[in-house]
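Novice: Just passing along the structure, written as structure tokens.
Chains as they are written, first to last, in my numbering: chain W, 67 to 158; chain P, 13 to 498.
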């Protein structure tokens, strides 16, 4: 994975990687991707993917109204609030 | 009355029996653990956060109440991994990003602990967001192995394992995604059980890889693991992946016979790279089980070699999605920026450590347009082949016995600069996680230098009772956990 690709993925992942970090990441991810490339050798034609390791039934429950977190609790850990909402920089 | 430090050395069930008989109070047990923490914590650093005042108040309240019948963990001090939400107590996942986070609700398991009457001594140190195999990736500094302070305790639940091994608590909860309970249990000489995926609710466990994560006990013996699992297991309507299967009485099931069982020995787990001391200990455990009347059969898990590669695509893909929530808006330490995108990027850049960023990058790559099928899609298909291997093996045997880790505990710093080598230290625990199977690591003695060794028993889905009975039978031959000189 070259430097440009690391930067592109970093932007997708919302990481502001520095130059040194980008270079180290390029080396390390390249080695890891070389290692995982061994999977290519396996024939998986027609093999169903596993998304969930244990077969359970569908999890249904009644669509009943239950109390949710009070506003005060939901905001308790937020870096910035006005007491009713999360505060973020202007986007418009 | 016993001296303080002796009370901290009790197992969970011994303490339970004494509290039940009225021979010891929760305050005495809690004070004994606090005294032990003060004695050794400076060198071990098992805790990310100590909640001593809250624990002592909780202990006093337990002693004052004593309901009849007494709930199963009444007044017993335990440690909880720092990625398990505990209302009002720090839950930082070993990350700078969550340094100030205090959950506004309890996880399912924390509620179960409260109902059972446990006392929470503190939050156990861990690799950041449970990503690591050595506990060195904690923003709060590494934990040291109580058996050799120059060595790692394993990870990511290294703090939980070290706290139990050093008698800083009676038992602990950890979480396991690719080996994070079993490998540290092995390195620290304690019992560590990863339950079947879905056996324990993940509600309130900070998510790493949602199709793999499970909470489980780290304890001084098999009976303690049975006791603690019985408290935390069961269906939770708030976790759609939690199983409805009835919860057996694990403690009553401990006496089940080993004689007549067939133990499968996967040949792929005994290849090159296995430390001779580890192999010798596992072979000795096999001989012990044979002497108890079990038979052994060699089995094959042909896709063992691909498990680590599969895991590091599946787990990182899920992590890159799960960790998207840490953006500095609803919780965590925000870094200000020129616009919203800049807030996200700077918050995450500053807040996450190197290993977490590496895994987010790998997962984002594996899920990105043009690479999804070749990486994530391929890994999900190989995951099916790995599950099929276990299904086939269980056609020939009742359970499997393997090493837990390829080497004894390694030195602090030894693998820190080499992520791939660190990943390969999970080689024997990862396939089990991909298949969602239950597995337990238990102590099998030490190296000549006194470093703990362990072996892993793997069961069919929801066969935890049999695994614990097997460990209990092993312990009954006089082979318990090694005690650190600390």
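A virtual CB, placed ideally from N, CA and C, is assigned to each residue, including glycine.
The model shown is predicted, which means the values in this text are computed figures rather than measured ones.
Using CA coordinates, which residue listed in 96/P, 70/P, 128/P is at the minimum distance from residue 81/P?
Specialist: Position 69 of the second chain, counted from the start, is the residue given in the question as residue 81/P. Residue 128/P is the option with its Cα nearest to residue 81/P.
Novice: Can you confirm whether residue 361/P, when its beta carbon is compared against all beta carbons of chain W, has any partner nearer than 8 Å?
Specialist: The residue labelled residue 361/P in the question sits at position 349 within the second chain. Yes, residue 361/P lies at the interface with chain W (some Cβ there is under 8 Å from its Cβ).
Novice: Check for me: the alpha helix (DSSP H) holding residue 28/P runs from which residue to which?
Specialist: The residue labelled residue 28/P in the question sits at position 16 within the second chain. That run of the alpha helix (DSSP H) goes 24-32.
Novice: For a cutoff of 8 Å on Cβ pairs, would you count residue 86/W as touching chain P?
Specialist: One-based indexing of the first chain puts residue 86/W at position 20. No, residue 86/W does not count as interfacial toward chain P.
Novice: Using only the heavy atoms of the ligand MN, determine whether one of them is closer than 7 Å to the beta carbon of residue 51/P.
Specialist: This structure lacks the ligand MN; in fact it carries no ligand of any kind.
Novice: Just tell me which of 132/P, 130/P, 197/P has its CA closest to the CA of residue 159/P.
Specialist: Sequence index remark: in the second chain, residue 159/P carries index 147 (1-based). Looking at the Cα atoms, 197/P is the closest of the given residues.
Novice: What is the DSSP secondary structure of residue 363/P, reduced to helix, strand or coil?
Specialist: Against the second chain, residue 363/P aligns to sequence position 351. Helix at residue 363/P.
Novice: Name the chain P residues whose beta carbon is nearer than 9 Å to that of residue 133/W?
Specialist: As a working note, residue 133/W is residue 67 in the first chain. What residue 133/W touches in chain P: nothing, since even the nearest Cβ is about 12 Å away.
Novice: Please list the segments of the beta strand (DSSP E) lying wholly inside the region 51-117 of chain P, counting only runs of 3 or more residues, in order along the chain.
Specialist: Counting only runs of 3 or more, we get 59-62, 89-93.
Novice: Sort 336/P, 360/P, 335/P by Cα distance to residue 347/P and report the nearest one.
Specialist: As a first step, residue 347/P must be located in the second chain, where it is residue number 335. Per the Cα distances, 360/P.
Novice: Assuming residue 441/P contacts residue 190/P under a Cβ cut-off of 8 Å, what Cβ separation, rounded to an integer in Å, is found between them?
Specialist: The count along the second chain starts at 1 and reaches residue 441/P at position 429. The count along the second chain starts at 1 and reaches residue 190/P at position 178. Between residue 190/P and residue 441/P the Cβ distance is about 6 Å, and since that is below 8 Å, they are a contact.
Novice: Does any residue of chain W have a CB that is nearer than 8 Å to the CB of residue 321/P?
Specialist: Taking the second chain and counting its residues from 1, the one referred to as residue 321/P is at position 309. Cβ-Cβ to chain W under 8 Å: yes for residue 321/P.
Novice: Compute the beta-carbon to beta-carbon distance between residue 181/P and residue 249/P, rounded to the nearest angstrom, for a pair I have assumed lies under 8 Å.
Specialist: The count along the second chain starts at 1 and reaches residue 181/P at position 169. The count along the second chain starts at 1 and reaches residue 249/P at position 237. Incorrect: roughly 30 Å between the Cβ atoms, too far for contact.
Novice: Is it right to say residue 13/P is buried, meaning 16 or more other beta carbons lie within 10 angstroms of its own, or is it exposed?
Specialist: The residue you call residue 13/P lines up with position 1 of the second chain. Residue confidence for residue 13/P is low, a pLDDT of 40 falling below 50, so the modelled location carries little weight and cannot support an answer.
Novice: I need the boundaries of the beta strand (DSSP E) containing residue 165/P, first residue and last residue.
Specialist: In the second chain, the residue the question calls residue 165/P occupies position 153. Where residue 165/P is concerned, there is no enclosing beta strand (DSSP E), given that its DSSP letter is neither H nor E.
Novice: Answer yes or no: does any C-beta atom of chain W fall closer than 8 Å to that of residue 154/P?
Specialist: Locating residue 154/P in the second chain gives position 142, where the first residue counts as 1. It does not; no Cβ of chain W falls within 8 Å.
Novice: Which runs of the alpha helix (DSSP H), 4 residues or longer, sit entirely within the region 272-308 of chain P?
Specialist: Those alpha helix (DSSP H) runs which fall completely within the region 272-308 of chain P and span 4+ residues are 288-303.
Novice: Mapping DSSP to helix, strand and coil, what is residue 13/P?
Specialist: Locating residue 13/P in the second chain gives position 1, counting from the first residue. Legend: pLDDT at residue 13/P = 40, less than 50; position of this residue unreliable, value from coordinates given subsequently. Coil.
Novice: How many angstroms separate the CA atom of residue 426/P from the CA atom of residue 148/P?
Specialist: In the second chain, residue 426/P corresponds to position 414, counting from 1. In the second chain, residue 148/P corresponds to position 136, counting from 1. Their backbone Cα atoms lie some 11 Å apart in a straight line.
Novice: Can you find at least 3 beta carbon pairs, one from the region 65-81 of chain P and one from the region 38-46 of chain P, that sit closer than 8 Å?
Specialist: These segments touch.
Novice: Span of the alpha helix (DSSP H) holding residue 111/W?
Specialist: Position 45 of the first chain, counted from the first residue, corresponds to residue 111/W. Per DSSP, residue 111/W belongs to no alpha helix (DSSP H) and is neither H nor E.
Novice: Quick test of your reading: residue 355/P and residue 154/W, contact by CB under 8 Å. State the CB separation rounded to the nearest angstrom.
Specialist: Walking along the second chain from the start, residue 355/P turns up at place 343. Walking along the first chain from the start, residue 154/W turns up at place 88. Residue 355/P to residue 154/W, Cβ: 7 Å. Contact.
Novice: When you compare only the Cα positions, how much space is there between residue 15/P and residue 137/P?
Specialist: Counting from one through the second chain, the residue named residue 15/P turns up at place 3. Counting from one through the second chain, the residue named residue 137/P turns up at place 125. Note that residue 15/P scores a pLDDT of 47, beneath 50, so its modelled location is shaky; the value from the coordinates is reported in the next line. Going by the C-alpha atoms only, they are around 28 Å apart.
Novice: Hey, does residue 351/P have any beta-carbon neighbour from chain W nearer than 8 Å?
Specialist: Taking the second chain and counting its residues from 1, the one referred to as residue 351/P is at position 339. At least one chain W Cβ lies under 8 Å of residue 351/P.
Novice: So with Cβ pairs under 8 Å, would you call residue 125/W a contact of chain P?
Specialist: Your numbering for residue 125/W matches position 59 in the first chain. Yes - at least one Cβ of chain P is within 8 Å of the one on residue 125/W.
Novice: Could you name the residues of the same chain whose beta carbon sits closer than 7 Å to that of residue 157/P, not counting the 5 residues immediately before and after it, in chain order?
Specialist: Taking the first residue of the second chain as 1, we reach residue 157/P at position 145. Here the set comprises 163, 164, 165, 174, 199, 200, 421.
Novice: When burial is assigned at 16 or more other CB atoms within 10 Å of the CB, is residue 474/P buried or exposed?
Specialist: For the purposes of this step, residue 474/P is taken as the residue at position 462 of the second chain. With 16 or more Cβ atoms within 10 Å of its Cβ, residue 474/P is classed as buried.
Novice: Would you kindly work out how many angstroms separate the C-alpha atoms of residue 139/P and residue 437/P, rounded to a whole number?
Specialist: Residue numbering aside, residue 139/P sits at position 127 when the second chain is read from its first letter. Residue numbering aside, residue 437/P sits at position 425 when the second chain is read from its first letter. Distance between the alpha carbons of residue 139/P and residue 437/P is about 15 Å.
Novice: Suppose you measure from the CA of residue 484/P to the CA of residue 469/P; what does that come to, to the nearest Å?
Specialist: Reading the second chain from its first residue, position 472 is the one you call residue 484/P. Reading the second chain from its first residue, position 457 is the one you call residue 469/P. Computed Cα separation, rounded: 12 Å.
Novice: If we call anything under 8 Å between Cβ atoms a contact, is residue 169/P one with residue 93/P?
Specialist: On the second chain, position 157 is the one that residue 169/P refers to. On the second chain, position 81 is the one that residue 93/P refers to. In contact: residue 169/P and residue 93/P (Cβ atoms closer than 8 Å).
Novice: Taking Cβ to Cβ, would you say residue 217/P is nearer than 8 Å to residue 372/P?
Specialist: Along the second chain, one-based indexing puts residue 217/P at 205. Along the second chain, one-based indexing puts residue 372/P at 360. Contact flag unset, no.
Novice: Within the same chain, show all residues whose beta-carbon is closer than 6 Å to that of residue 204/P, passing over the 5 residues directly before and after it, in chain order.
Specialist: Here the question's residue 204/P lines up with position 192 in the second chain. Correct list, in chain order: 193, 194, 197, 230, 453.
Novice: Considering only DSSP beta bridges, list what residue 453/P is partnered with.
Specialist: The residue labelled residue 453/P in the question sits at position 441 within the second chain. Bridge partners of residue 453/P: 204/P, 468/P.
Novice: Since residue 213/P meets chain W, which of its residues come closer than 9 Å, beta carbon to beta carbon?
Specialist: What you label residue 213/P is simply residue 201 of the second chain in a count that begins at 1. Within 9 Å Cβ-Cβ: nothing; residue 213/P doesn't reach chain W, min ~12 Å.
Novice: Residues in its own chain within less than 7 Å of residue 443/P by CB, not counting five upstream and five downstream?
Specialist: Against the second chain, residue 443/P aligns to sequence position 431. Within the same chain, residue 443/P has close Cβ partners 313, 316, 319, 398.
Novice: Any beta-carbon of chain W closer than 8 Å to the one on residue 286/P?
Specialist: Against the second chain, residue 286/P aligns to sequence position 274. Not closer than 8 Å to any Cβ of chain W, the Cβ of residue 286/P fails to qualify, so no.
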